[in-house]
Amino acid sequence: MNAVPANRIRLKILSGFLGSGKTTWLRHQLHQGALRGRVVIVNEAAAAAVDDALLADLADVTIIPAGCICCTRQAEFLEVLRRHCDQSRPADLVLETSGLAEPQRIVEAIRADPVLIHHIVIDDVLVTVDAVNALAQFMSDPLVRRQVMTADRLLITKLDELGSDDLARLVATLKSLNPGAGIEGTIRGETAPLPDPGKAVDLPPLQDQAVQEPVVAVDIVIDPAMGWEVFSVWLSALLHARGDEIFRIKGVVRTPAGRVLLQCVQKSVLPPEILPETQAGGQTFDNRVAFIGRGFDQSSLTRSISCFASDKH
Ligand SMILES: [Zn+2]
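Okay, so the sequence shown: first residue is 132 according to my numbering, each after it adds one.
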């Protein structure tokens with residue numbers, strides 16, 4: 132870490148693709164007191180701000196939902212930073228970006244701002260790398276590669292879900308993409324040892340995103356009358372049929388067992404987590420689920436779910 136001129140706010144940027152474990156890592160750090168006193172800014176591509184509810188008990192959180200701060204919500208983000216510079220002036224800020232953000236664009240926007248450049252020092256760019264899905268994502272998605280290439284530190288998450296040979300290949304591939312970054316392993320936020328690098332995977336050159344359909348974030352409200360069971364069967368059917376086009380599903384749903392944090396990363400459904408009935412930080416977003424991916428929109432998903440529900444009655 133560089134010496135920081137007195138009085139400047141240090142900003143840590145936490146980025147990484149959808150579902151790569153940013154919030155899990157951040158929650159763990161906050162629980163451990165590693166980021167004590169920090170103010171956290173969370174940006175979610177989706178409108179349902181699940182991360183806010185998860186982090187609000189642990190830190191002073193500002194949320195910027197419904198868009199990405201490296202592009203569509205950049206002006207609002209810079210405004211939030213200026214407010215912190217003017218008013219609260221915390222010593223440290225942590226920014227959790229949306230999974231679609233390019234950290235480099237955020238760094239450039241801060242550097243280009245005539246006010247912020249004097250008040251904020253970018254202290255660290257951390258990028259989470261999903262052990263299970265990263266190699267496949269590198270093959271086809273230029274965004275995931277660019278996130279890795281701009282990191283100061285790479286955090287490989289879900290280390291326990293990948294065999295050691297595959298992990299050694301992943302470490303080597305990360306080194307080939309970004310030889311300057313430190314690489315750490317984590318399991319549920321806890322640091323874990325990494326194997327020595329193996330042989331890097333040959334990555335094909337990629338055309339840029341223009342050829343692909345844009346990634347969209349869609350919020351679906353679950354009708355309580357439909358019931359959790361019907362919804363979960365619909366969800367499994369959807370993941371079987373369209374799993375490759377759905378990068379991420381996240382939301383808080385009411386089930387007979389209580390409020391459950393539902394998360395899917397590509398085709399895998401993460402173990403559901405029971406949430407407290409009430410949470411600090413105010414608003415909760417029960418029965419709203421965000422879908423992020425390509426090849427669908429709000430109306431096609433809504434139609435699919437209501438056809439499915441009416442078939443079941
Ligand atoms: Zn963006």
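For every residue, glycine included, the Cβ atom is placed at its ideal position computed from N, Cα and C.
All figures in this text were calculated on a predicted structure; none of them were measured in a lab.
If residue i sits next to residue j, beta carbons under 8 angstroms apart, how far is it from one beta carbon to the other, in whole angstroms?
i, j, result
"L450", "V302", "The structure shown does not extend to residue 450, since the chain is modelled only from 132 through 444, so no value can be given for it."
"A267", "M357", "Not confirmed; about 33 angstroms, so no contact."
"E315", "L286", "5 angstroms"
"L149", "G230", "3 angstroms"
"E227", "N174", "7 angstroms"
"D350", "A232", "Between A232 and D350 the Cβ distance is about 19 angstroms, and since that is not below 8 angstroms, they are no contact."
"R385", "W359", "7 angstroms"
"R89", "G320", "In the structure displayed, the chain extends from 132 to 444; residue 89 sits before or after that span and is not available."
"G198", "A176", "7 angstroms"
"L308", "A262", "Not a contact, Cβ separation roughly 15 angstroms."
"R284", "G313", "5 angstroms"
"R419", "V346", "No, R419 and V346 are not in contact; Cβ-Cβ is about 19 angstroms, not under 8 angstroms."
"A421", "A372", "No, A421 and A372 are not in contact; Cβ-Cβ is about 19 angstroms, not under 8 angstroms."
"L392", "P407", "Wrong, their Cβ atoms sit about 11 angstroms apart, outside the cutoff."
"A331", "T304", "5 angstroms"
"K125", "Q394", "The structure shown does not extend to residue 125, since the chain is modelled only from 132 to 444, so the question has no answer here."
Taking DSSP as the reference, what is the three-state secondary structure of residue i?
i, result
"G374", "helix"
"I380", "strand"
"E233", "coil"
"R141", "strand"
"R213", "helix"
"S146", "strand"
"L293", "coil"
If we cut at 9 angstroms on Cβ distances, does residue i have a partner in chain C?
i, result
"R419", "The question asks about chain C, but that chain is absent: this structure has only one protein chain."
Specify which residues have a beta carbon nearer than 5 angstroms to any heavy atom of ligand 1, listing them in chain order.
C199, C201, C202 and A232
Sequence ranges, beta strand (DSSP E) only - wholly within the segment 295-372, length at least 3
313-318, 321-323 and 347-352
Would you say the segment 424-432 touches the segment 362-377, given that touching needs at least three Cβ pairs under 8 angstroms?
yes
Every unbroken alpha helix (DSSP H) within the segment 394-434, with a cutoff of 4 residues, ordered by chain:
none
The segment 141-155 touching the segment 258-273, judged by at least three CB pairs closer than 8 angstroms
yes
Runs of beta strand (DSSP E) wholly within the segment 241-286 (minimum 3 residues, chain order)
251-261
Length at least 3, wholly inside the segment 151-197: the beta strand (DSSP E) runs in chain order
170-174 and 191-195
Any contact of the segment 211-223 with the segment 245-252, i.e. 3+ C-beta pairs under 8 angstroms?
yes
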